[in-house]
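Comments concern the structure below.
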Amino acid sequence: MMKPLFALLESYKAQMQEQMKAHDISLDVVHVRLCKIIAMEGRITPQSLAKRVCRDKAQITRMVAELVKRDYVRKIDNPDDGRSVWLSLSDKGVAFTQVFLHQEKQIEAQMLQALSPDEQATFSVLLEKMAASRSAH
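For the sequence shown, full-length UniProt numbering puts the final residue at 137, and the numbers step up evenly by one.
Shown next as structure tokens:
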């Protein structure tokens, strides 16, 4: 039963990597995920980001440092807490995320075109149910 799911995930991953290469983007998957989360939040603390991706703060600090160094993310002093910072996307990070999300939507549409609207809705419900079950453990 899981074989088709893994094949689907591998196909998605390969298509996304192809698009990233075509746009000369050399970030790995975890860095892309961090940029997407920061884009969705607008700004987020490293600690909150670590919780969202289930990683420890030290790992996130290293990954964020790489994104800052490559000018995808910027750090902003937190006016409410002088000991922490906010993370937000730089202009380069915003541009990258917009391109990435556009490509992601195109690939999603292409992958879902084999399903009827009812099948797409059922598929979405099943995926959400599986994800909720996984996060409950």
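We treat Cβ as the ideally placed atom computed from N, Cα and C, and that holds for glycine.
Check the C-beta distance from residue i over to residue j and give it rounded, since I have them as a contact under 8 Å.
i, j, result
"Ser88", "Arg55", "Going by Cβ atoms, the distance from Ser88 to Arg55 rounds to 19 Å, so no, they are not a contact pair."
"Met130", "Tyr12", "With 8 Å as the limit, Met130 and Tyr12 do not qualify as a contact, their Cβ atoms being about 16 Å apart."
"Tyr72", "Lys92", "6 Å"
"Trp86", "Thr45", "6 Å"
So the beta strand (DSSP E) residue i belongs to, where does it begin and stop?
i, result
"Ile76", "Val73 to Asp77"
"Val85", "Val85 to Leu89"
State the beta-bridge partners of residue i as determined by DSSP.
i, result
"Asn44", "Note that residue 44 corresponds to Ile in the displayed sequence, not to Asn. BP columns for Ile44 point to Leu87."
Which residues in the same chain as residue i place their Cβ atom closer than 8 Å to its Cβ, once the five residues preceding and following it in sequence are excluded?
i, result
"Val94", "Ala39"
"Pro37", "Inspection of the sequence shows that residue 37 is occupied by Ile rather than by Pro. The answer, listed in chain order, is Ile44, Leu49, Arg52 and Val53."
Return the chain-ordered list of same chain residues with a C-beta closer than 6 Å to the C-beta of residue i, the five sequence neighbours on each side being excluded.
i, result
"Gln19", "Gln103"
For the alpha helix (DSSP H) containing residue i, name the first residue and the last one.
i, result
"Ile60", "Lys57 to Lys69"
"Glu11", "The displayed chain sequence assigns Ser, not Glu, to residue 11. Counting along the chain, the alpha helix (DSSP H) containing Ser11 begins and ends at Met2 to Ala22."
Are the beta-carbon atoms of residue i and residue j separated by less than 9 Å?
i, j, result
"Ile107", "Gln15", "yes"
"Leu67", "His31", "yes"
"Leu34", "Met1", "no"
"Arg70", "Leu27", "yes"
"Phe96", "Ile25", "yes"
"Gln47", "Ser84", "yes"
Considering only residues of the same chain and omitting the five flanking positions on each side of residue i, which have a CB-CB separation below 7 Å?
i, result
"Ser90", "Asp71, Tyr72, Val73 and Arg74"
"Phe6", "none"
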